[in-house]
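A.B. asks: Residue numbers (my numbering): 147 to 572. A virtual CB, placed ideally from N, CA and C, is assigned to each residue, including glycine. Only a predicted model underlies this, so the values are computations on that prediction, with no experimental measurement involved.
(1) I'd like to know if the stretch 322-342 and the stretch 276-289 are in contact, where contact means that at least 3 CB-CB pairs between them fall below 8 Å.
(2) Is it buried or exposed for residue 173, if we count other Cβ within 10 angstroms and need 16 for buried?
(3) In three-state DSSP terms, what is residue 260?
(4) Is it right to say residue 239 is buried, meaning 16 or more other beta carbons lie within 10 angstroms of its own, or is it exposed?
(5) State the Cα-Cα distance for the pair residue 323 and residue 359, rounded to the nearest angstrom.
(6) Check each candidate in 380, 286, 302, 399 and name the one with the smallest Cα separation from residue 332.
(7) Is it right to say residue 212 is buried, meaning 16 or more other beta carbons lie within 10 angstroms of its own, or is it exposed?
(8) Spell out the partners DSSP gives residue 487 in its beta bridges.
(9) Please work out which residues of its chain come closer than 8 Å, Cβ to Cβ, to residue 307, disregarding the five sequence neighbours upstream and downstream, and give them in chain order.
(10) Is the separation between the beta-carbon of residue 529 and that of residue 415 shorter than 8 Å?
(11) Buried or exposed: residue 406, going by 16 or more other Cβ atoms within 10 Å of its Cβ?
(12) Could you give the first and the last residue of the continuous beta strand (DSSP E) run that contains residue 416?
(13) Taking 8 Å as the threshold (C-beta atoms), are residue 457 and residue 440 in contact?
(14) Quick check on the DSSP output: what are the complete alpha helix (DSSP H) runs of length 4 or more inside the stretch 297-334, in order along the chain?
(15) Go ahead and pull the three-state DSSP assignment for residue 162.
(16) On the criterion of 16 or more Cβ atoms from any shown chain inside 10 Å, does residue 418 qualify as buried, or is it exposed?
(17) Taking C-beta to C-beta, are residue 553 and residue 366 nearer than 8 Å?
(18) Could you check which residue in 272, 495, 452, 430 has the C-alpha nearest to that of residue 483?
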């Protein structure tokens with residue numbers, strides 16, 4: 147409810163804002179008598195409209211009504227001069243932000259780079275709508291992009307760049323919601339190339355995390371299986387978000403841990419999600435080798451082929467490409483490792499310990515991490531089979547699901563934080 151009060155100088159004050167009506171005190175009004183009711187009605191209509199505006203202004207505080215950013219997921223709009231794009235600066239972007247992912251069955255770029263020059267207001271207006279945007283310029287150039295960058299940066303920052311400090315700055319939701327915009331500049335082209343090479347991993351991480359946040363909204367806004375998630379939390383003390391068409395294939399608990407296997411099957415693709423944990427284990431057990439051996443053990447037992455064989459990591463070195471990679475990561479605040487590679491269906495070879503390739507395969511990503519609060523070692527694995535499609539975006543969906551992981555302690559801590567914040571709010 148909004149309370150009105152008459153203010154000095156002809157203002158009407160509401161509980162959330164003040165509306166001013168400015169009327170000259172020296173004005174002389176000579177109106178026919180029969181127009182007064184008409185003016186009263188007009189004033190009432192105007193006041194009602196202003197009241198509704200006041201209500202919307204008061205209730206909408208802190209709400210972002212801007213539309214969501216648009217464009218293909220996995221594409222970054224690169225705003226830079228064509229001379230630099232066709233030179234060393236463009237090459238540096240292609241080998242870092244747009245580098246090939248070699249842990250897929252066929253190499254695919256981490257991000258598709260779409261270059262645009264800033265040569266008209268119309269193009270600028272279109273760029274402002276895109277999900278992923280990066281502005282790249284040599285600061286002292288005479289190009290439109292360089293001029294834009296100089297106007298966006300403060301005098302202090304411009305001076306720092308002129309003093310030899312290259313700049314990489316990511317900003318979220320600059321013009322639209324669900325948007326990531328980055329600025330990358332240096333004093334010379336040589337310094338810009340060096341900066342791109344230095345921040346390449348951070349550059350990919352920035353746009354990967356933005357992509358993951360958007361896909362989390364898109365994947366789970368409809369048809370999420372809340373009841374199944376609650377069951378996971380009750381039985382195992384953890385949960386992940388589950389899309390509407392995933393089914394539980396295996397749900398096992400033992401004295402020392404547990405295992406959950408979920409599957410999504412479509413006419414031409416399928417996706418597997420496995421979550422394994424073991425209790426009261428030495429954290430030093432965690433390593434890429436543990437992840438790979440545990441994964442192979444689980445898939446040999448639970449993920450069988452339609453006719454014969456079982457899923458196994460493909461350890462073969464195909465030509466010079468790196469088909470298997472691992473790195474140490476921070477997984478939702480937990481120490482862990484990420485392993486990526488290709489799986490294949492195999493069968494044991496008679497007479498020795500080797501395996502026969504059965505011709506079926508796809509990419510996988512595994513996350514192994516230690517949860518200190520519960521004393522558990524976890525393995526989350528996502529695998530994709532999509533023989534007629536590119537695999538990058540399917541595998542990113544498995545990443546999204548993995549990063550919705552939470553434990554009972556996580557939920558309790560979040561609830562406590564909300565209660566505390568609510569109690570301290572004015």
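C.D. replies: This is what the structure gives:
(1) Enough Cβ pairs lie closer than 8 Å, so yes.
(2) Start at 1 with the first residue of the chain shown, and residue 173 comes out as number 27. In this prediction, residue 173 has a pLDDT of 44, which is less than 50 and means its spatial position is unreliable; nothing more can be read from the coordinates.
(3) Sequence index remark: in the chain shown, residue 260 carries index 114 (1-based). In this structure, residue 260 counts as strand in the three-state DSSP scheme.
(4) Position 93 of the chain shown holds residue 239. Residue 239 comes out buried.
(5) Working through the chain shown from its first residue, we reach residue 323 at position 177. Working through the chain shown from its first residue, we reach residue 359 at position 213. In a straight line, the C-alpha of residue 323 is about 11 Å away from that of residue 359.
(6) Position 186 of the chain shown, counting from 1, holds the residue named residue 332. Taking only the C-alpha atoms, the option nearest residue 332 is 286.
(7) Taking the first residue of the chain shown as position 1, residue 212 is located at position 66. With fewer than 16 other CB atoms across the displayed protein chains lying within 10 angstroms of its CB, residue 212 is exposed.
(8) Position 341 of the chain shown, counted from the first residue, corresponds to residue 487. In the DSSP assignment, residue 487 forms a beta bridge with 510.
(9) As a working note, residue 307 is residue 161 in the chain shown. Result list for residue 307: 285, 299, 313, 331, 332, 333, in chain order.
(10) As a working mapping, residue 529 is identified with position 383 in the chain shown. As a working mapping, residue 415 is identified with position 269 in the chain shown. The answer is no: Cβ separation not under 8 Å.
(11) Along the chain shown, one-based indexing puts residue 406 at 260. Sixteen is the threshold: when 16 or more other Cβ atoms of the shown chains lie within 10 Å of the Cβ of residue 406, as they do, the residue is buried.
(12) Locating residue 416 in the chain shown gives position 270, where the first residue counts as 1. Here the beta strand (DSSP E) through residue 416 covers 416-425.
(13) As a working mapping, residue 440 is identified with position 294 in the chain shown. As a working mapping, residue 457 is identified with position 311 in the chain shown. Contact flag unset, no.
(14) 301-308
(15) Along the chain shown, read from residue 1 onward, the residue named residue 162 stands at position 16. Residue placement at residue 162 is poorly supported in this model, since its pLDDT is 39, which falls under 50; the coordinates still yield a value, given next. Here residue 162 sits in coil by DSSP.
(16) Position 272 of the chain shown holds residue 418. Buried, since its Cβ has 16 or more Cβ neighbours within 10 Å.
(17) Within the chain shown, the letter at position 407 stands for residue 553. Within the chain shown, the letter at position 220 stands for residue 366. Cβ distance not < 8 Å, so residue 553 and residue 366 don't count as in contact.
(18) On the chain shown, position 337 is the one that residue 483 refers to. If we check each option's Cα against that of residue 483, 430 comes out closest.
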